[in-house]
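Undergrad: Here you go, one structure.
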Amino acid sequence: MLKPSLHTSKPSPATFLNRTFILVYAIAIFAHFYRHFRNLISSPSLTTTTLFISDLILSFLWVTWQAFFLKPVHREVFLENLRLVVAEETKYPGLDVFVFTADPLKEPPVAVVNTVLSVLAYDYPTEKLSVYVSDDGGSELTLFALMEAAKFAKYWLPYCRKYNVMDRSPQVYFGNDPCLFPETKDIQRMFEKMKATIQNVVDRGTVDQNEVDDNPAFKSFTKWTHEFTRHQHPTVIEIRVSTVLTNAPMFLTLDCDMYSNDPKTPLRTLCFFLDPNVDPKLAFVQFPQRYHSINKNDTYGAEFLLETQVSPLGMDSWGGILFMGTGGFFRRQALLEDASEPQRLWNEPIDESGDVLQLAHRVASCTYEENTKWGQEIGFRYGSLVEDIFTGFRLHCSGWKSVTCNPTRAAFLGNTPRSLHDFLAQMNRWYMGMLQIGLSKFSPMTFGMKFMNPLHALCYSHYLFRPFLSIPVLVYAFLPQLALINSSPIFPKVLDPWFCLYVLLFVGAYGKEFIDYVMAGSGFKKWWNHQRMWLIIGCSSYPSSLFDWSLTSLGMLSSDFNVTNKASNDELSNRYEQGFFEFGVESTLLLAVNIVAVVNLIGFVIGMKQVLMKSGRFEELFMQLFIAGFGVLNSLPVYEGMVLRSDKGRMPTKIVLKSVCVALSEYPALDALICTADPTKEPPIGVVNTALSVLAYDYPTEKRSVYVSDDGGSEVTLYALMEGAKFGKKWIPYCKKHNIVDRSPEVYFGSHDHALFPETDEIKIGFRYGTLAEDTYTSFRLHCEGWKSILCNLKRAAFLGGSPSNLKDSLTQIKRWYLVPEGGIFLYAFLFLGAYGKYFLDFVVFAGGSTQRWWSYQRMWLMWGLSGYPFALLEWSLKSLGISTLGFNVTSKVVDEEESQRYKQGVFEFRVESVMFYPMSVAAVINLLSFVKGVMEVFVNGRLKEFLLQILICGFGMVNSWVIYEGMFVRRDGERMPLKITLASMATAIAICLASSLVF
648 MLKPSLHTSK PSPATFLNRT FILVYAIAIF AHFYRHFRNL ISSPSLTTTT
698 LFISDLILSF LWVTWQAFFL KPVHREVFLE NLRLVVAEET KYPGLDVFVF
748 TADPLKEPPV AVVNTVLSVL AYDYPTEKLS VYVSDDGGSE LTLFALMEAA
798 KFAKYWLPYC RKYNVMDRSP QVYFGNDPCL FPETKDIQRM FEKMKATIQN
848 VVDRGTVDQN EVDDNPAFKS FTKWTHEFTR HQHPTVIEIR VSTVLTNAPM
898 FLTLDCDMYS NDPKTPLRTL CFFLDPNVDP KLAFVQFPQR YHSINKNDTY
948 GAEFLLETQV SPLGMDSWGG ILFMGTGGFF RRQALLEDAS EPQRLWNEPI
998 DESGDVLQLA HRVASCTYEE NTKWGQEIGF RYGSLVEDIF TGFRLHCSGW
1048 KSVTCNPTRA AFLGNTPRSL HDFLAQMNRW YMGMLQIGLS KFSPMTFGMK
1098 FMNPLHALCY SHYLFRPFLS IPVLVYAFLP QLALINSSPI FPKVLDPWFC
1148 LYVLLFVGAY GKEFIDYVMA GSGFKKWWNH QRMWLIIGCS SYPSSLFDWS
1198 LTSLGMLSSD FNVTNKASND ELSNRYEQGF FEFGVESTLL LAVNIVAVVN
1248 LIGFVIGMKQ VLMKSGRFEE LFMQLFIAGF GVLNSLPVYE GMVLRSDKGR
1298 MPTKIVLKSV CVALSEYPAL DALICTADPT KEPPIGVVNT ALSVLAYDYP
1348 TEKRSVYVSD DGGSEVTLYA LMEGAKFGKK WIPYCKKHNI VDRSPEVYFG
1398 SHDHALFPET DEIKIGFRYG TLAEDTYTSF RLHCEGWKSI LCNLKRAAFL
1448 GGSPSNLKDS LTQIKRWYLV PEGGIFLYAF LFLGAYGKYF LDFVVFAGGS
1498 TQRWWSYQRM WLMWGLSGYP FALLEWSLKS LGISTLGFNV TSKVVDEEES
1548 QRYKQGVFEF RVESVMFYPM SVAAVINLLS FVKGVMEVFV NGRLKEFLLQ
1598 ILICGFGMVN SWVIYEGMFV RRDGERMPLK ITLASMATAI AICLASSLVF
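Reading the sequence shown from the start, the letters are residues 648 to 1647 in my numbering.
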């Protein structure tokens, strides 16, 4: 007889619509990049390149997100069939429950107790159920709370089973007007007494002997001495001991604030593990994280509806949902080194004749993992701040599967942060941990693609690379607004056909997300708050996590697990329930949000002013106005916290002032002073070209002024400026409209490759200036443009002129015609030789040093300038911002004989992979590449005169960098430049050289 199925898996009815949308939207993205490529070819600029990179990142993350919607599945369990498959409860597999906590001040012990009691009361055979609490903080307060809970459990558990209570967290049960049974009032009084006792101890911060009933129990608290620390403390309760004490084939992991909301949850899990039709490689069943403390409209978007309840349906079909760290039921076998030896979870055999309790204490010690395979090949995988996701990823790469189970009644309900800073800090920690995985050798784009379904790897990639979303978010939070302030359009006009593409991309992305939100059972206000927080996180937590990851990778910052604060007071809770943002803390995360809000407001106001005061500008500035207005709309709670609110949750004054100053400081008033003296030696047309190039700056018109100081007081110069003012009325709008880079008319029209626009021929007239032989230059340029000329030499001269009557004037004229002396090189030579010569004399002549020592010292002076000096400034800045702490590191004076011998021979000692070597190696490679390029320009194009100084500087840098080249490319001893530094510096130098073409 066939056993009945315990669960079913059905494809989502929305699959066809999802795939249709993906196809249409993908076509729109290709069209968008076609436009990008056209712009990059026809008018390359920093703006077009930045927008292209931003949209490229958005497209990559969009593609990875679509992997969740290609084949979503819905699962349903049949609890009524469980008895038909397993007739007796005594045959259920054993279940160990692990509850994790770390800090009694941020995770109140009363909440821990409620979670523990809720799982102890499961509808599961008592002899098959064990609960362990892992307290990483090793707090005596938590231990005391659990002892009190054990007393209360003797009454609470029978009460729950007797009356089939659904809410088995006592805090929730008594807070929801429970049904009155004979024992209800007594049980409630016992619970309130227990809560008061625990809270008194927490408030006091220590446990007194008179609060512990029996002497043996009090002895447990004598372990807390002055030598006790969070990282080194005596074993009280731990997780690995379960393998020694109970060794249940199934275990559940829970955060201390996430209580059980359904006593039948373990039975739902059995419907997967015991289903004969399920893959035997099923590693874990994940229940989505759901929350009870979220207010009506989910102010911070903390429900993560798409991430916890929508996207898992799609990930389930490719091989399994990721492990969320809590609410996951595991098959213990999946975490063992050898599935055939379930008793060996460590690198030592269990002595069955020995003291099991002693063994349990040993494996639970803080240093047990050292020199074992724990955390690397067996158990949970360490090496990241999100070891839960890393563990699930490694299991999936090993061929294990997982499923999601999302019943109508949530299996678990947890707390979320009620302060914006706590929420953003939590996001920062999560996504820094994800970067530690995504940018490691275990990246899903490389390692994952080899060992799992490529679409499954794309799902992981979306989460692990999400911090890079900060780049497009910051670009679109600043670039269109700053361009709007400068009255510079960067998007298509409203009547341009490409405008419709932008509308489609925006409406398609936001509309699809809104539909997914509504289909998942949510509403408009929750969706709106979710998308607002997506933008806020994108300009705060995401870039911060990238920055922290960079510093950690360079060894300048250590990554620590900071517990998210789950505690709150009544005043804070009241503000949160009313939907107010809780700012209150002076944080760099909030500073970034404020700056974005202020810049968008300024951009929107100035943009509206331009549209209202200048006709015809609405069409070309509409898209930027819309983006700035959208930013302003999303920033309304920020403005409210900055200006309107006066409660304790308002934005701190320091943050407000800093953000306003930073936003306004981007465009201070600018006065340009142009100095001239003699119109015969400084041609007025040159002055006019300079003035026009400055007037055409991408800078707010109302903040820019140009003054000309003519020490010669020439009427010719004044006349030229008056003519220049007339021409400027056409030239300046022309430059801004077509985003001209060369805004000196002489330079622009003098280049062969300037673009032709409808107005170009109206503006390009007159002689070509820029040289003392402008007559020859004008005819030369006309010939280059295809014009012809002929010589007409009549017997009777058509024109007669004068010639110099003395040798000096004649030679001066010839010099003016044929030579344009630069002169500046002599000044630079004087400055260089003067500084180095004086320094050499001080070192050698007056201080008695040698030439070789002077050379080594000046070389080290340059190396310090590239390493020690900038890093000292950086560390001081981080210390000032509270990101890092300074410590006194003693300089090593210990050397071995081999190292001492090399030092005496004058050989540089690299060897160590130090971030200090990185910038000087990059500078050395850049100098080498630039020198080679400069010499080629001299020999191929004859540009010695204009490149001589730069070639000399690069050559001087090369001579000083010889020891670095030797360490990078020549030496083969153990003290050479580390290969990782060599490769990284070469890659960086080449990237900088390639990117320099965008600037010069």
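No residue lacks a Cβ here, since even glycine has one placed at the ideal position from N, Cα and C.
Give me the residue from 786, 738, 1144, 737 with the minimum Cα distance to residue 753.
TA: It is 786 whose Cα lies nearest to the Cα of residue 753.
Undergrad: To the nearest angstrom, how far is the alpha carbon of residue 684 from that of residue 1338?
TA: Cα to Cα, residue 684 sits roughly 34 Å from residue 1338.
Undergrad: In the structure shown, what three-state DSSP assignment does residue 947 receive?
TA: In this structure, residue 947 counts as coil in the three-state DSSP scheme.
Undergrad: Compare the Cα-Cα distances from residue 1089 to each of 1057, 1023, 1153, 1127 and report the closest residue.
TA: That would be 1023, whose Cα lies nearest to the Cα of residue 1089.
Undergrad: Near residue 1041, what residues of its chain come up, given a Cβ to Cβ distance below 6 Å and the 5 sequence neighbours on each side ignored?
TA: 1028.
Undergrad: When DSSP labels each residue in this structure, what does residue 1353 get in the three-state scheme?
TA: Three-state DSSP puts residue 1353 in a strand.
Undergrad: Let me check one thing: in DSSP terms, what residues is residue 1321 bridge-paired to?
TA: Residue 1321 is bridged to 1355.
Undergrad: CB residue 1298 to CB residue 1184, shorter than 7 Å?
TA: No, the pair does not count as a contact, with Cβ atoms beyond the cut-off.
Undergrad: Are residue 1569 and residue 1632 touching if we call contact CB-CB under 7 Å?
TA: Yes. Within cutoff.
Undergrad: Would you decide whether residue 664 is buried or exposed? Buried here means 16 or more other CB atoms lie within 10 Å of its CB.
TA: Its Cβ having fewer than 16 others within 10 Å, residue 664 is exposed.
Undergrad: Could you have a look at residue 930 and say whether DSSP puts it in helix, strand or coil?
TA: In the structure shown, residue 930 sits in a strand (DSSP, three-state: E or B).
Undergrad: Going by C-alpha distance, which of 760, 731, 805 is nearest residue 922?
TA: Selected option, being the one with the closest Cα: 731.
Undergrad: Let me know if residue 681 comes out buried or exposed under the rule of 16 or more other beta-carbons within 10 Å of its beta-carbon.
TA: Under this definition residue 681 is an exposed residue.
Undergrad: On a Cα-Cα basis, can you pick out the residue from 1318, 1228, 1641 that is closest to residue 1292?
TA: Closest by alpha carbon: 1228.
Undergrad: Is residue 999 helix, strand or coil by DSSP?
TA: The pLDDT assigned to residue 999 is 49, lower than 50, so where the model puts this residue is not dependable, and the model offers no usable value.
Undergrad: If I'm right that residue 655 touches residue 723 with Cβ under 8 Å, what's the distance once you round it to whole angstroms?
TA: Confirmed, about 5 Å.
Undergrad: Compare the C-alpha of residue 1060 against each of 761, 1634, 960 and name the closest.
TA: Taking only the C-alpha atoms, the option nearest residue 1060 is 761.
Undergrad: Nearest to residue 1582 by alpha carbon, out of 1439, 939, 1566, 1599?
TA: Out of 1439, 939, 1566, 1599, 1599 has the C-alpha closest to the C-alpha of residue 1582.
Undergrad: Is there contact between the region 1261-1275 and the region 1125-1140, where contact requires at least three CB pairs shorter than 8 Å?
TA: Contact holds: three or more Cβ-Cβ distances are below 8 Å.
Undergrad: Take the Cβ of residue 1548 as the centre, count every other Cβ of all protein chains shown within 10 Å, and call the residue buried at 16 or more, exposed below.
TA: When all chains shown are included, residue 1548 counts as exposed.
Undergrad: Distance, Cα to Cα, residue 1152 vs residue 1145?
TA: Looking at the two C-alpha atoms, the distance is approximately 11 Å.
Undergrad: Helix, strand or coil: how does DSSP classify residue 1048 here?
TA: Reduced to three states, the DSSP call for residue 1048 is strand.
Undergrad: CA-CA distance, residue 1324 and residue 1363?
TA: If you take the alpha carbons of residue 1324 and residue 1363, they lie about 11 Å apart.
Undergrad: Quick check: what's the CA-CA separation for residue 778 versus residue 976?
TA: C-alpha separation (whole angstroms): 13 Å.
Undergrad: Could you check whether residue 1638 and residue 1106 sit closer than 7 Å to each other, using their CB atoms as the reference points?
TA: No.
Undergrad: Where do the ends of the alpha helix (DSSP H) carrying residue 1200 lie?
TA: Here the alpha helix (DSSP H) through residue 1200 covers 1188-1200.
Undergrad: Got a sec? Which residues, its chain only, sit under 6 Å from residue 1190 by beta carbon, not counting five neighbours each side?
TA: Here the set comprises 1117.
Undergrad: Output needed for residue 1271: all residues of its chain with C-beta closer than 8 Å, excluding positions within five of it in sequence on either side, in chain order.
TA: 1127, 1128, 1130, 1131, 1136, 1137, 1138, 1250, 1254, listed in sequence order.
Undergrad: Tell me whether residue 1079 is buried or exposed, calling it buried when 16 or more other Cβ atoms sit within 10 Å of its Cβ.
TA: Residue 1079 comes out buried.
Undergrad: Going by alpha carbons, who is nearest to residue 823 out of 1156, 813, 830?
TA: Per the Cα distances, 813.
Undergrad: Beta-carbon within less than 7 Å of residue 1307's beta-carbon, same chain only, minus the 5 sequence neighbours each way: which residues are those?
TA: Once the five neighbours on either side are set aside, the close Cβ partners of residue 1307 are 1245.
Undergrad: Compute the distance between the beta-carbons of residue 1201 and residue 1562, then report whether it is under 7 Å.
TA: Contact: yes.
Undergrad: Between residue 909 and residue 1056, which are expected to be in contact by the criterion C-beta below 8 Å, what is the C-beta distance as a whole number of angstroms?
TA: Indeed, because the Cβ distance is near 5 Å, the residues count as touching under 8 Å.
Undergrad: So, at 7 Å on beta carbons, what are the nonlocal neighbours of residue 1487 in its own chain, with the 5 sequence-adjacent residues on each side left out?
TA: Answer for residue 1487: 1501, listed in chain order.
Undergrad: Tell me the DSSP bridge mates of residue 1263?
TA: Per DSSP, none; premise fails for residue 1263.
Undergrad: Who are the near neighbours of residue 593 in its chain, counting only those whose CB is closer than 6 Å to its CB and skipping five residues on each side?
TA: Here the chain comprises residues numbered 648 to 1647, so residue 593 is not present and cannot be evaluated.
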